[in-house]
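Chains G and F supply the protein sequences, listed in that same order.
Mapping to numbering that gives the first Met the number 0: the first sequence position 18 is 17, numbers consecutive.
Mapping to numbering that gives the first Met the number 0: the second sequence position 85 is 84, numbers consecutive.
In this text, a Cβ means the ideal position worked out from N, Cα and C, and glycines have one as well.
Protein chains: 2
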Amino acid sequence: MLEKIYHLGYAVEDIEAAARFYEEHFGVRVGEPEEIEEQGIVATMFEVGESMIELVQPTRPDSPVGKFLEKRGEGFHHVAFQVDDLEAALKGLKENGVELIDEKPRVGAGGARMAFLHPKGAHGVLTELVELPDKDQG
Amino acid sequence: MLEKIYHLGYAVEDIEAAARFYEEHFGVRVGEPEEIEEQGIVATMFEVGESMIELVQPTRPDSPVGKFLEKRGEGFHHVAFQVDDLEAALKGLKENGVELIDEKPRVGAGGARMAFLHPKGAHGVLTELVELPDKDQG
Chain G
0 MLEKIYHLGY AVEDIEAAAR FYEEHFGVRV GEPEEIEEQG IVATMFEVGE SMIELVQPTR
60 PDSPVGKFLE KRGEGFHHVA FQVDDLEAAL KGLKENGVEL IDEKPRVGAG GARMAFLHPK
120 GAHGVLTELV ELPDKDQG
Chain F
0 MLEKIYHLGY AVEDIEAAAR FYEEHFGVRV GEPEEIEEQG IVATMFEVGE SMIELVQPTR
60 PDSPVGKFLE KRGEGFHHVA FQVDDLEAAL KGLKENGVEL IDEKPRVGAG GARMAFLHPK
120 GAHGVLTELV ELPDKDQG
């Protein structure tokens, strides 16, 4: 059911500084930051093997990532696992009593369908499931 | 330099319960827990794509993972990236002024050479670099 780690989300105070850190010290290529106004964030990605690291900086202190930073400081924010069939995965989790943030898929960046499990139900790890629009990409 | 995400380490209160969670709800196969007395932990792994998730339960409250759990609760503990040449990676990071926990490689489970960067120097993420003994495995 879990095909791969799709990305890890890192909450950062300064996305330019964090991107520079990974570019200078680890030789990765970080994409251009994009603002996602609805979520109150600026985000960018870089590849590591079959996965990506997503750097996320809040644009407002009252956004979820803004509140996270205030409470916990910079660091790991969430993991996203790629799944083949998100609807089926959510249905199974719900039937098993696993606490979900999103009971139905939402559409995220690039048309991917995604949903979050509640960290309380997943041993403290904010866990996202992602289904890519073109399954051939998986 | 970063070949792939080798594993994510999750700190858990009860490794059997956490293993059951991932087995029952995500269909993964979790290995037998092993005690690593020197680190004051019991750990086990399961595969996700080319990566692994490591579940780590402290065996003593004064071990690093025990202190982490007391302070932050269950959740993401560290990420390990596989690198080709750990000595060269550490040398470069040190020359660039990146704060390291281990300036020299240590030998971890299965003969892998590993070293930790300090989370303060890596935007709050406890980051491990791993070089596998048999490079053909990478």
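Using a Cβ cut-off of 7 Å (strictly closer), state whether G:H117 contacts chain F. Here residue 117 of chain G refers to the residue found at position 118 of the first sequence. Not one chain F Cβ lies under 7 Å of G:H117.
Taking only three categories from DSSP, how would you classify F:R112? Numbered from 1 along the second sequence, position 113 holds the residue referred to as residue 112 of chain F. Residue state, collapsed to three classes: strand.
Look up F:K90 in the DSSP assignment and say whether it is helix, strand or coil. Taking the first residue of the second sequence as position 1, residue 90 of chain F is located at position 91. Of the three classes helix, strand and coil, the one that applies to F:K90 here is helix, per DSSP.
Three or more C-beta pairs under 8 Å: does that hold for the segment 82-98 of chain G against the segment 26-36 of chain G? Counting Cβ pairs under 8 Å, fewer than three are found: no touch.
Would you mind stating whether G:G123 and F:E73 have Cβ atoms separated by less than 7 Å? Position 124 of the first sequence holds residue 123 of chain G. Position 74 of the second sequence holds residue 73 of chain F. When the beta-carbon positions are compared, G:G123 and F:E73 come within less than 7 Å of each other.
Paired residues, beta bridge with G:F45 - DSSP: Within the first sequence, numbered from 1, the residue matching residue 45 of chain G stands at position 46. DSSP output for G:F45 lists G:I52 as bridge partner(s).
G:A87, buried or exposed, once every other Cβ within 10 Å from all chains shown has been counted against 16: Within the first sequence, numbered from 1, the residue matching residue 87 of chain G stands at position 88. Label assigned to G:A87: exposed.
Using a threshold of 7 Å, state whether the C-beta atoms of F:F25 and G:L125 are closer than that. Locating residue 25 of chain F in the second sequence gives position 26, where the first residue counts as 1. Locating residue 125 of chain G in the first sequence gives position 126, where the first residue counts as 1. No, the Cβ-Cβ distance between F:F25 and G:L125 is not below 7 Å.
Could you check if F:K3 is buried or exposed, using at least 16 other CB atoms within 10 Å of its CB as the buried criterion? Here the question's residue 3 of chain F lines up with position 4 in the second sequence. Buried is the call here.
Could you tell me if F:P57 is buried or exposed, where buried requires 16 or more neighbouring beta carbons within 10 angstroms of its beta carbon? Residue numbering aside, residue 57 of chain F sits at position 58 when the second sequence is read from its first letter. Under this definition F:P57 is a buried residue.
Would you say F:G39 and F:R59 are within 7 Å of each other, going by their C-beta atoms? Walking along the second sequence from the start, residue 39 of chain F turns up at place 40. Walking along the second sequence from the start, residue 59 of chain F turns up at place 60. Yes, the pair counts as a contact, with Cβ atoms nearer than the cut-off.
Any residues in the segment 27-53 of chain F with a beta carbon nearer than 8 Å to a beta carbon of chain G? Which ones, in chain order? If the cut-off is 8 Å between Cβ atoms, the segment 27-53 of chain F has V27, V47, G48, E49 and S50 near chain G.
Using the C-alpha atoms, what's the distance from F:V106 back to G:V78? Locating residue 78 of chain G in the first sequence gives position 79, counting from the first residue. Locating residue 106 of chain F in the second sequence gives position 107, counting from the first residue. Each residue's Cα considered, the two are about 27 Å apart.
Do F:V82 and F:L54 have their C-beta atoms within less than 7 Å of each other? Position 83 of the second sequence, counting from 1, holds the residue named residue 82 of chain F. Position 55 of the second sequence, counting from 1, holds the residue named residue 54 of chain F. No, they are not a contact pair.
Is there a C-beta anywhere in chain F that falls below 7 Å from the one on G:L92? By one-based count along the first sequence, residue 92 of chain G stands at place 93. Chain F, which has a Cβ nearer than 7 Å to the Cβ of G:L92, makes this yes.
Label F:Q136 either buried or exposed according to how many other C-beta atoms from any shown protein chain fall within 10 Å of its C-beta, with 16 as the threshold for buried. For the purposes of this step, residue 136 of chain F is taken as residue 137 along the second sequence, with counting starting at 1. In this prediction, F:Q136 scores a pLDDT of 47, lower than 50, which makes its location untrustworthy; no coordinate-derived value is stated.
Would you please verify whether the beta carbon of G:G137 is less than 7 Å from any beta carbon of chain F? Here residue 137 of chain G is taken as the residue at index 138 of the first sequence, counted from 1. Note that G:G137 has pLDDT 44, beneath the 50 cutoff, so the model's placement of it is unreliable and the number below is only indicative. Chain F contact via Cβ: absent.
Can you tell me the Cα-Cα spacing of G:L131 and G:P104, whole angstroms? One-based indexing of the first sequence puts residue 131 of chain G at position 132. One-based indexing of the first sequence puts residue 104 of chain G at position 105. Rounded to the nearest angstrom, the gap between the Cα atoms of G:L131 and G:P104 is 12 Å.
Using a Cβ cut-off of 7 Å (strictly closer), state whether G:G8 contacts chain F. Mapped onto the first sequence, residue 8 of chain G falls at position 9. No, because no Cβ of chain F sits closer than 7 Å to the Cβ of G:G8.
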